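This note's numbering numbers the first residue of the sequence shown as 30 and each following residue consecutively.
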Amino acid sequence: MNKYSIDGNEIVNNIKQVLRSAAATLVMLFSAIAISHAVNGYSSGKWIEEAREAEDIYQQQRRVRGVVADKEGEALPGATVVVDGTTRGVITDIDGAYSIDVNPSDKLVFSFVGMENQTIEVGTSTTINVTMQDKIDELEEVTIVAFGKQKKESVISSISTVNTADLKIPSSNLSTAFAGKIAGMISYQTSGEPGQDDANYFVRGITTFGTGKVDPLILIDNMEVNSSDLNRLNPDDIQSFSVLKDATATALYGARGANGVILITTKEGKEGKVRVSLRVENSFSQPTTEIEMADPITYMRMSNEASQSRGSLNPLVYSNEKIDNTIKNTNPYVYPAVDWRSLTIKDYTMNQRFNLNISGGGNISRYYIAGSFTQDNGILKVDKRNNFNNNINLKKYSIRSNININLTKTTEAVVRVHGAFDDYIGPISGGSTVYSQNLKVSPVRFPAYYEPDETYALSQHILFGNAGEGGEYLNPYAEMIKGYKETRNTVMMAQGELKQDLSMITPGLAARILANATSYSYFDLQRSYNPYYYNIASYDRATNKYSLVELNPLSGTEYLGYSEGGKSVSRQFYSEMSLSYDRIFDRHGVSGMLIFLTREELTGNAGNLSNSLPHRNLGLSGRFTYNYDSRYFSEFNFGYNGSEKFDKNHRWGFFPSLGLGWIISNENFWGGDILDNISLLKLRGTYGLVGNDAIGAERFFYLSRVNIGGGEGYSLGYDFSGKSRTGVSISHYSNPAIGWEVSSKANLAMELGLFKDKFNIIAEVFKERRTNILQTRADIPTTMGLWSTPQANIGEASGRGFELELDYKQSFSNDFWVTARGNFTYARSLFEKYEEPD
């Protein structure tokens with residue numbers, strides 16, 4: 030796939046240059062004021078000249094000059110240059126230049142807002158040019174965990190993160206962007222058709238064979254979404270992308286996190302000037318591989334050979350006369366040689382993507398507003414004789430708004446609104462069906478369509494080729510262009526969040542309330558006509574003219590008809606309340622969190638009485654951590670969840686987990702050359718239980734589903750001629766013993782940083798065992814006379830494997846650096862107990 034990209038970064042950089050110059054002028058002005066107010070060796074400003082320097086020191090001093098620039102080589106006006114340990118300093122001018130008198134033993138400290146400080150020894154240098162580096166983003170210092178953040182060093186659960194820059198590839202489907210970039214994430218894609226190109230993904234394989242959910246829980250800004258919502262998400266809107274894999278990482282999500290969790294946060298506005306980002310992409314796409322097909326002549330000869338191999342007296346499927354005239358291309362309508370694939374599929378197509386986001390704010394409010402448009406086209410050909418487009422065309426529109434407001438010094442409100450709208454047009458049977466039909470049809474039985482003969486010269490429709498009585502054979506071309514299917518999919522999400530700092534009660538205490546509503550709607554329709562099929566009636570070799578016979582004159586139509594398809598609408602409501610505490614006492618760090626959550630879902634396409642009732646879940650979760658001197662770490666998590674599916678004796682489940690960690694490289698004995706070569710050595714391990722109630726389509730396992738009518742009946746009267754009565758039928762038998770599917774997970778890991786963290790390795794081994802897997806009983810004899818087969822928690826499965834993550838980064842200069850990442854995952858699943866019929 031090729032792509033070219035035009036973005037607005039150059040424009041934005043020019044704007045930033047102007048703003049930076051203006052800001053630098055103010056910095057220099059206030060710095061000069063601060064320096065001029067030095068009185069008796071005291072100044073309220075940062076940069077003053079000490080008045081008590083001895084004259085003999087000045088005799089040793091010399092002037093050092095240089096330029097301070099950013100990593101892109103742009104001058105930094107207003108940067109400060111201070112002699113380390115003193116208050117003597119200067120600021121750079123509009124060109125980033127400075128000069129300062131120093132001693133050979135001095136060290137200069139260079140600083141600029143938003144960038145890392147640099148300290149450089151003067152020595153014998155008279156010119157010191159400095160390139161400043163951006164400060165490490167907060168997200169690089171912390172890891173996004175369940176319902177919050179933790180310092181990277183204190184994380185002892187298994188969590189993988191993705192660099193958001195790696196997700197910005199020329200694809201409109203996010204699931205294809207993160208495939209292969211996350212250790213432990215196993216994914217595969219079965220189609221490249223727009224709208225059908227979602228990848229299937231699993232965390233550390235599949236360790237359940239039940240009929241329920243096997244894919245991970247997906248959360249965007251704590252809103253539970255489905256895989257389609259994830260696939261629509263624009264990479265430019267993503268702030269962080271994490272995958273939670275072990276029991277300790279997922280415990281707070283309780284029953285929802287048994288198969289892992291994908292945790293995504295979107296960008297928020299930052300205090301400062303308005304930032305505008307524009308991305309415009311145009312990409313080319315084409316089939317990755319093509320199946321080589323036999324040419325028509327080879328096809329006919331091989332068909333004859335196959336017939337003769339079954340019996341020498343069998344007649345030839347294709348006569349030598351037909352083969353010879355096909356070779357001579359005597360008349361392509363009488364002796365067709367159709368390449369169905371080239372007739373229906375183009376070599377390539379073009380796709381477009383546009384994204385615009387604006388962010389900024391002040392100390393009271395901040396905003397991030399984004400909009401995107403994506404258009405993906407299929408590779409199907411369009412017949413110009415039709416007045417509509419049957420090729421695949423998928424248009425995606427997305428809007429997002431994240432607003433942060435500081436109501437008080439201790440209270441923050443966040444409002445998030447998101448809308449996604451998908452408009453799809455494509456062939457009725459789908460693009461993949463067109464491709465598969467091309468592989469099944471004879472290339473020599475009939476052409477895709479005929480040129481009209483004298484009889485049908487005034488026909489207003491396409492004369493599609495076919496054979497047999499009524500046109501009983503498949504014509505892929507006719508099937509592809511006979512109409513189109515439209516779908517409309519809309520998702521609207523709204524979320525409100527309130528954060529309250531309670532440090533006035535005790536330092537480190539905070540509370541949070543969150544509520545969000547999500548609405549889904551979908552409908553589809555079809556517009557199509559019934560093709561008119563024709564075949565050769567006669568052929569005059571002398572004039573090379575043919576006449577046609579109509580095969581389906583009564584069923585063909587010339588104009589598009591209309592038929593309604595499916596419609597669906599659903600709504601989800603989710604809320605959570607949390608209380609957290611995080612504080613450091615000398616060398617002891619403690620934190621805790623309690624979360625209460627509720628979830629409700631209601632669908633307008635229930636189909637039966639039980640599904641028409643709202644789906645509701647409750648849960649209480651907690652996390653408690655302790656670390657000593659950033660060396661020893663412990664974490665205890667739990668989830669206490671209720672599920673409406675189970676009887677009252679099994680309705681509530683408690684699922685705890687425990688984790689321990691040790692950073693050996695933070696020990697006092699770890700120093701010197703060892704620390705230079707092995708900058709990080711961390712061991713961690715976790716064990717815990719996770720529950721799963723998404724184990725089947727049945728709504729209430731503890732209730733029988735009895736249907737009045739539909740059962741065996743009887744008739745009244747001595748001769749059974751009287752009125753009949755129908756008995757009841759039971760489509761589901763109650764089983765109050767059915768309960769949670771339980772997964773026990775263990776994880777051991779080592780983190781290794783080499784050569785001052787230039788080379789990092791994370792190695793993990795994991796083991797999982799699933800019990801109480803729901804199965805339909807396979808050994809129930811028919812003599813019991815049951816209407817339906819009972820279900821029970823009888824299955825067991827296990828999984829194990831290991832993961833390896835490698836990361837290398839080396840900067841050779843401001844303009845040249847190397848970054849390399851790789852990961853490897855091995856996962857093995859085994860059915861331990863699976864009931865089969867005798």
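By construction, the Cβ of each residue, glycine as well, lies at the ideal position given by its N, Cα and C atoms.
These figures come from a predicted structure and were not determined experimentally.
- In its chain, beyond the 5 residues on either side, 632 and 728 have a beta carbon closer than 8 Å to the beta carbon of residue 640.
- The residue among 724, 787 and 761 with its C-alpha nearest the C-alpha of residue 707 is 787.
- Ranked by Cα distance from residue 621, the options 538, 133, 180 and 765 are led by 538.
- Pairing residue 337 with residue 562, the inter-Cα distance amounts to about 32 Å.
- Under DSSP, the beta-bridge partners assigned to residue 627 are 604 and 647.
- Apart from sequence neighbours up to five positions away, the residues of its chain that approach residue 254 with a beta-carbon distance below 6 Å are 247, ordered along the chain.
- About 6 Å separates the beta carbon of residue 131 from that of residue 112, a gap short enough to meet the 8 Å contact definition.
- Per DSSP, the continuous beta strand (DSSP E) segment holding residue 542 begins and ends at 538 to 557.
- Selection 176, 515, 583 and 545 evaluated against residue 551 yields 515 as nearest (Cα-Cα).
- Taking one beta carbon from each stretch, the segment 837 to 846 and the segment 770 to 789 have 3 or more pairs nearer than 8 Å; the two touch.
- Annotation for residue 400: 385 and 428 place their beta carbon closer than 6 Å to its own, counting only its chain and skipping 5 residues before and after.
- Residue 238 and residue 829 have their alpha carbons spaced roughly 16 Å apart.
- In the three-state scheme derived from DSSP, where H, G and I count as helix and E and B as strand, residue 695 is classed as helix.
- Three or more beta-carbon pairs separated by less than 8 Å link the segment 752 to 771 to the segment 715 to 728, which places the two stretches in contact.
- Assigned with DSSP and collapsed to three states, residue 379 falls in strand.
- Distance from the CA of residue 256 to the CA of residue 719, rounded to the nearest whole angstrom, comes to 22 Å.
- When beta bridges are read from the DSSP output, residue 681 appears opposite 671.
- Going by beta carbons, residue 225 and residue 459 fall inside the 9 Å limit.
- Within the DSSP bridge table, the entry for residue 711 names 692 and 780 as partners.
- Counting along the chain, residue 822 sits inside no alpha helix (DSSP H); it lies in the beta strand (DSSP E) bounded by residues 820 to 840.
- Contact annotation: residue 183 and residue 659 have beta-carbon atoms nearer than 9 Å.
- Just so you know, the alpha carbons of residue 612 and residue 440 end up roughly 19 Å apart.
- Your pair residue 466 and residue 503 checks out as a contact, with CB atoms roughly 6 Å apart and the cut at 8 Å.
- Distance check between residue 559 and each of 580, 543, 553 and 566 places 580 closest, using alpha-carbon atoms only.
- Among the bridge pairs identified by DSSP, residue 794 is matched with 777 and 831.
- Separation of residue 690 and residue 273 (C-alpha to C-alpha, rounded to the nearest whole angstrom) is 17 Å.
- For residue 286, the secondary structure class from DSSP, reduced to helix, strand or coil, is helix.
- Residue 485 sits in coil when the DSSP states are folded into three classes, being neither helix nor strand.
- Residue 505 and residue 477 have their C-alpha atoms spaced approximately 8 Å apart.
- Between residue 568 and residue 557, the C-beta spacing is not below 9 Å.
- With respect to the C-alpha of residue 451, the residue from 324, 425 and 148 having the closest C-alpha is 425.
- In chain order, 315 and 408 place their CB closer than 8 Å to the CB of residue 376, counting only its own chain and leaving out the 5 sequence neighbours on each side.
- In the structure shown, the three-state DSSP call for residue 222 is coil.
- With a 10 Å radius around the Cβ and a threshold of 16 neighbouring Cβ atoms, residue 703 comes out exposed.
- Comparing alpha carbon positions, the residue from 229, 380 and 213 closest to residue 220 is 229.
- With respect to the C-alpha of residue 599, the residue from 181, 667 and 520 having the closest C-alpha is 520.
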